[in-house]
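> Adding 26 to a residue's 1-based position in the sequence shown gives its number in my numbering.
All residues carry an ideal CB built from backbone N, CA and C; glycine is no exception.
First, the structure itself, so that you have it in front of you.
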Amino acid sequence: MLLYMPTKVYSEKDCVKNHAKEFASFGKKAMVVTGKHSARKSGALQDIEDVLQQENISHVLFDKIEENPSIETVMRARDIGIQQKVDFVIGIGGGSPLDAAKAIAMMIANPALTEEVLYEAAELANLPVICVPTTCGTGSEVTPYAILTIHKQRTKKSISHRIYPNMALLDAKYLKSMSREGLVNTAVDALAHLIESYLNTNANELNRIYSREGLCIWAEFKYRLKEDCLTEEDYVKMLHASMVAGMAITHTGTSLPHGLSYPITYELGVPHGKAVGMFLGGFVEGYRNKEEVTEVLSLLGFENASDFRTYMRELLGAVEVSEELMKENVKSLLANPAKLKNYPFEITEKELMEMGN
Ligand code: NAP
Ligand code: FE
């Protein structure tokens with residue numbers, strides 16, 4: 027069993043300002059990578075800009091990361107980073123800007139290489155990365171993964187390289203600008219990471235410490251999330267659950283709900299957490315090791331799998347997916363051993379077709 031979690035994590039109110047002094051150790055010039063609006067709206071960008079100024083670190087802002095970032099956008103940012111000779115990258119936002127920041131940091135550190143290298147097996151260096159999450163879903167601030175959209179293949183895929191952020195700064199105040207829908211979708215992504223990590227070929231007693239912790243926390247706010255009456259404290263819990271969920275999948279990877287979600291997001295534009303969540307109830311209900319299912323459900327505070335499936339359906343609402351798209355989705359999943367390897371049992375086309383909500 028192996029536990030490896032190298033990212034330095036600060037989690038507290040005002041942590042960006044509290045740890046300003048550490049930024050200088052990463053260099054003299056930063057590239058700040060964000061989405062179009064939320065980094066500003068949440069107040070996180072202002073905090074970072076204040077700290078950079080205070081520490082005499084210059085920066086270039088790339089604020090054009092789209093949801094489900096594409097290879098093309100990563101390469102545009104990389105060109106600017108190389109030209110501006112930046113020393114490190116700061117990602118602010120949801121999983122999209124954080125994932126993009128990792129890929130950009132690697133591509134800047136290897137200026138002679140082209141985009142093909144993103145999906146090739148190679149040991150490559152990357153610039154240091156600092157992550158400031160503003161959603162409570164992906165855990166990307168601690169995971170080594172970066173998921174990019176490949177338009178040529180009409181889907182999304184994790185790049186081949188493992189890029190651990192050097193530092194993650196978690197302040198729940200940045201979640202307050204999120205819409206209810208955004209909070210629900212991202213919290214469900216974190217829940218999916220916890221469950222898919224626990225019910226996983228690579229799960230063991232050591233790495234399950236993360237999923238156990240996260241499932242217990244998720245249990246505490248689950249009804250307030252559904253009833254839309256979250257408290258201040260819940261925001262802290264949601265961010266924490268998301269981070270430990272990231273640590274969980276760092277050790278195990280995700281499983282079928284994530285595998286099935288990518289074409290749904292690409293073809294229908296369904297947000298990541300919702301696209302994953304639509305398969306989560308069915309995944310738990312159909313999972314063959316009933317003892318492990320009972321463990322997960324009891325940590326989460328559900329009586330049985332059917333109650334959990336109902337909760338998920340009510341929380342997310344229905345997602346309409348045509349039979350044709352689902353068939354194609356299932357066929358391509360079954361043809362890809364890499365996507366099945368984290369699921370410890372045989373799975374049939376029929377079972378996969380019935381996994382959706
Ligand atoms: P996201 O795609 O980063 O952002 C979704 C939307 O939420 C955007 O419109 C964004 O606005 C907005 N937003 C973010 N923070 C906000 C805030 N505090 N207030 C108001 N609006 C806010 O969402 P995400 O669900 O966090 O990330 C999804 C991506 O992460 C997917 O590409 C997924 O595949 C990937 N992912 C990565 C991992 C991993 O381990 N690396 C794991 C799971 C998923 P702006 O566009 O203006 O920023
Ligand atoms: Fe996810």
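Output the distance between the C-alpha atoms of Thr276 and Ala147, rounded to the nearest integer angstrom.
One-based indexing of the sequence shown puts residue 276 at position 250. One-based indexing of the sequence shown puts residue 147 at position 121. So the alpha carbons of these two residues sit roughly 18 Å apart.
> Taking only three categories from DSSP, how would you classify Ile185?
Mapped onto the sequence shown, residue 185 falls at position 159. In this structure, Ile185 counts as coil in the three-state DSSP scheme.
> Would you mind reading off the limits of the beta strand (DSSP E) that contains Ala271?
Numbered from 1 along the sequence shown, position 245 holds the residue referred to as residue 271. First-last for Ala271: Glu258 to Thr278, but that is the alpha helix (DSSP H), not the beta strand (DSSP E).
> With a floor of 4 residues, list each alpha helix (DSSP H) that falls wholly inside the region 80–113, ordered by position along the chain.
Whole alpha helix (DSSP H) segments, 4+ residues: 97–109.
> Examine the Cβ distances between the region 291–306 and the region 249–269 and report whether three or more of them are shorter than 8 Å.
These segments do not touch.
> So what's Val347 in DSSP terms, helix, strand or just coil?
Reading the sequence shown from its first residue, position 321 is the one you call residue 347. In this structure, Val347 counts as coil in the three-state DSSP scheme.
> What's the call for Ala126, buried or exposed, on a 16-neighbour Cβ count within 10 Å?
By 1-based counting over the sequence shown, the position of residue 126 is 100. The residue is buried, with at least 16 neighbouring Cβ atoms inside 10 Å.
> Taking C-alpha atoms, which residue in Asn368, Val100, Met379 and Arg238 lies nearest to Ala131?
On the sequence shown, position 105 is the one that residue 131 refers to. The shortest C-alpha separation from Ala131 is found at Val100.
> Considering only the alpha carbon of each residue, which of Ile116, Lys353 and Asn226 lies closest to Tyr369?
Position 343 of the sequence shown, counted from the first residue, corresponds to residue 369. Among Ile116, Lys353 and Asn226, the Cα nearest to that of Tyr369 belongs to Asn226.
> Go to Met133, then tell me how far its alpha helix (DSSP H) extends in each direction, as first and last residue.
To locate residue 133, count along the sequence shown from 1; it is residue 107. Unbroken alpha helix (DSSP H) run through Met133: Gly121 to Ala135.
> Under 8 Å: do the region 46–58 and the region 299–307 share three or more Cβ pairs, one atom per stretch?
Too few Cβ pairs lie closer than 8 Å, so no.
> Please tell me whether, using a cut-off of 7 Å, the distance from the CB of Asp215 to the nearest non-hydrogen atom of ligand 2 is below it.
Along the sequence shown, read from residue 1 onward, the residue named residue 215 stands at position 189. Under cutoff, so the answer is yes.
> Helix, strand or coil, according to DSSP, for Pro370 in the structure here?
Here residue 370 corresponds to residue number 344 of the sequence shown, with the count starting at 1. Looking at Pro370 - three-state DSSP - the assignment turns out to be coil, as it is neither helix nor strand.
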